[in-house]
Amino acid sequence: MTETVDKAKHHSTVGKATRRQDGADKVKGRTRFAGDLPLAGLLHARLVRSPYAHARIVNIDTSAALAVPGVKAVYTGETLWMAKRDSSSRSQAPLARHEVLWCGHPVAIVLAETEAAAEDGAAAVDVDYDLLPPVLDPVAAMKPDSPLARTRKEGEVSEIAGGGAHASVSKDEEEEADEDLSQNVSDKARFHAGNMEEGWREAEVVVEHTYKTSFVHQSYIEPQSITVAPGAPGQPMTIWASSQGMFAVRSDVSQALDVAERQIRVESVPIGGAFGGKFGLIEPLAAAAASAARRPIRLVYTREDDLLAGNPAPQSIIRLKLGAKRDGTLVAMEGKVIFDSGAYAGSAVFLGGLILGSTYRCPNIDFRCYEVLTNKVSVGAYRAPGAPQATFALESAVDELCRGSQIDPVAFRQKNGLKEGDPTLDHRQWPRIGLLECLEKVQEHPLWANR
383 MTETVDKAKH
393 HSTVGKATRR
403 QDGADKVKGR
413 TRFAGDLPLA
423 GLLHARLVRS
433 PYAHARIVNI
443 DTSAALAVPG
453 VKAVYTGETL
463 WMAKRDSSSR
473 SQAPLARHEV
483 LWCGHPVAIV
493 LAETEAAAED
503 GAAAVDVDYD
513 LLPPVLDPVA
523 AMKPDSPLAR
533 TRKEGEVSEI
543 AGGGAHASVS
553 KDEEEEADED
563 LSQNVSDKAR
573 FHAGNMEEGW
583 REAEVVVEHT
593 YKTSFVHQSY
603 IEPQSITVAP
613 GAPGQPMTIW
623 ASSQGMFAVR
633 SDVSQALDVA
643 ERQIRVESVP
653 IGGAFGGKFG
663 LIEPLAAAAA
673 SAARRPIRLV
683 YTREDDLLAG
693 NPAPQSIIRL
703 KLGAKRDGTL
713 VAMEGKVIFD
723 SGAYAGSAVF
733 LGGLILGSTY
743 RCPNIDFRCY
753 EVLTNKVSVG
763 AYRAPGAPQA
773 TFALESAVDE
783 LCRGSQIDPV
793 AFRQKNGLKE
803 GDPTLDHRQW
813 PRIGLLECLE
823 KVQEHPLWAN
833 R
């Protein structure tokens, strides 16, 4: 027996206007974010940032800053104890110790009774630098004779800020090419299948273009913010962080301070936007400073701090070459993917290459992917790491190929789009995707049909 459901009677929410539970508090100013919490004895923190892209730190003089009324402490990479301050992890070693790696690299943190005093104290810190050649062009940085953007420790691996949110993806298809490259190349991956020579012989229409994207900041409204209370002896440290990962914050701080996770309590607070950019960037630094000062501290980035010392999406340079038969059958895909990772590894270039080979069915593919270190701010996640860069390049190239073969671009995508049961790059089978169904709806839409 088939029963007809009265949607108006049984559905109280779908299709109707709803009131946000947090809306009233936000519009009336009652919501308290990580940077709004009033704590007794609170100290305000400000960063001292490098004005140079690459330089050796000769000396840091904090005496003038400590003489500023209201300034209670100034910590540098040498004086602020952190368990892993010698590591190559930006979050675990947040203050530059021997060399600065980008314009905006923090070299000290100032704690004061007021924000104004902290600002004055930061301005009074005197840093003596010995300038080094900056590495700014990722393509030039790959060459064997390029200056090094930073000293890369043996065994260093790629990590996205906050513990590698996407690092569990299988690398069964990775293959490093035997190339003469600079040590600025911090990660490589290769995806290949079939026979490229055969694919190019079959191709009747070929397009080849290079696509570039810039660094893109996540542009959240609330800047990086955190309040930390060190806790009384025997009591846990409490952290209120504008973060996307509460458990990751606890883990990162535990490692930085070399204490058990049970000694760290992370309170969830409203977050004013993140989009991938708030994973483990400032929490270890703030926790270490609060622990050293034995007073609660608040670190709220200025907008300039956020732009110069945040973790934007990586710059990319992607060269793609696609080949198809006259009937629109895709027969060859080849590409070189370069992600500018800035001063630290972690650009998810592997995912960029994976995405290039995970949209259209093609028997012959060869994608070589390179992560390159430069003297720029290091990168992080932003709305599916690697996907916007790779998708922009791939879909632009497909449109060029459709124009060259005079094939309807929707029809081309329907012909070559992956579907359930097709093989993946790691020799499994695709589950239900929905790509072809979406393309059918696009084709039926009046805006497309009547174009």
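Residues are numbered in our numbering as their position in the sequence shown, beginning at 1, plus a constant of 382. Heads up, the beta-carbon is just placed ideally off N, CA and C, and yes, glycines get one too. None of these values were measured; they are calculated from a predicted model.
- Task: Take V521 and list the residues in its own chain whose beta-carbon comes closer than 7 Å to its own, dropping the five residues that flank it on each side.
- Result: Locating residue 521 in the sequence shown gives position 139, where the first residue counts as 1. So the qualifying residues of the chain are I699 and I720.
Same chain, Cβ closer than 7 Å to R765, neighbours up to 5 away in sequence not counted: Within the sequence shown, the letter at position 383 stands for residue 765. So the list reads F657 and G658, once near-sequence residues are dropped.
Just checking my contact of V610 with A523 at CB under 8 Å: how many whole Å lie between their CB atoms? Residue mapping note: residue 610 aligns to position 228 of the sequence shown, counting from 1. Residue mapping note: residue 523 aligns to position 141 of the sequence shown, counting from 1. Going by Cβ atoms, the distance from V610 to A523 rounds to 37 Å, so no, they are not a contact pair.
Query - Selected residue, minimal CA-CA separation from L477, among I747, G576, L663 and P678 - result: Sequence index remark: in the sequence shown, residue 477 carries index 95 (1-based). With distances taken between Cα atoms, L477 lies closest to L663.
Where do the N-terminal and C-terminal ends of the beta strand (DSSP E) with Q697 fall, by residue?
Taking the first residue of the sequence shown as position 1, residue 697 is located at position 315. Counting along the chain, the beta strand (DSSP E) containing Q697 begins and ends at Q697 to A706.
**Asked** Near V598, which residues of its chain fall below 6 Å by C-beta distance, leaving aside the five closest residues on each side in sequence?
**Response** Within the sequence shown, the letter at position 216 stands for residue 598. These residues qualify, in order along the chain: P694 and A695.
Assuming T710 and I646 form a contact by the criterion Cβ under 8 Å, report the distance between their Cβ atoms to the nearest whole angstrom. As a working mapping, residue 710 is identified with position 328 in the sequence shown. As a working mapping, residue 646 is identified with position 264 in the sequence shown. The residue asked about is misnamed: residue 710 is Gly in this sequence, not Thr. That belief does not hold up - the Cβ atoms of G710 and I646 are roughly 57 Å apart, past 8 Å.
> When DSSP builds the beta bridges, which residues end up paired with H480?
Replying inline: Your numbering for residue 480 matches position 98 in the sequence shown. None, per the DSSP bridge assignment.
Checklist entry - Tell me, which residues are paired with V754 by DSSP? => result One-based indexing of the sequence shown puts residue 754 at position 372. Per DSSP, V567 and D722.
Measuring only the C-alpha atoms, how far is Q811 from L702? Position 429 of the sequence shown, counted from the first residue, corresponds to residue 811. Position 320 of the sequence shown, counted from the first residue, corresponds to residue 702. Roughly 25 Å separates the two Cα atoms.
Check your understanding: Taking the alpha-carbon positions, what's the A769 to G734 distance?
Key -> Counting from one through the sequence shown, the residue named residue 769 turns up at place 387. Counting from one through the sequence shown, the residue named residue 734 turns up at place 352. Looking at the two C-alpha atoms, the distance is approximately 6 Å.
Q | Touching by the beta-carbon criterion (3+ pairs, under 8 Å), the region 680-689 and the region 601-608 | A | yes
**Asked** Straight-line CA distance for A498 to P451?
**Response** Indexing the sequence shown from 1 puts residue 498 at position 116. Indexing the sequence shown from 1 puts residue 451 at position 69. Cα to Cα, A498 sits roughly 10 Å from P451.
Exercise. Under the DSSP definition of a beta bridge, which residues are partnered with G799?
Worked result: Position 417 of the sequence shown, counted from the start, is the residue given in the question as residue 799. DSSP lists Y742 as partners of G799.
Out of L483, E777, P526 and Q617, which has the shortest C-alpha to C-alpha gap to S740?
Locating residue 740 in the sequence shown gives position 358, where the first residue counts as 1. Comparing Cα positions, the closest option is E777.
key: Inside the region 570-633 only - beta strand (DSSP E) runs reaching at least 3 residues   = 587-595, 607-611 and 619-623
Exercise for review: Could you check the C-alpha separation between Y683 and W463 for me, to the nearest Å?
Suggested key: The residue labelled residue 683 in the question sits at position 301 within the sequence shown. The residue labelled residue 463 in the question sits at position 81 within the sequence shown. C-alpha separation (whole angstroms): 22 Å.
Bridge partners of Q811, per DSSP? Taking the first residue of the sequence shown as position 1, residue 811 is located at position 429. DSSP, once it has assigned bridges, lists P805 as partnering Q811.
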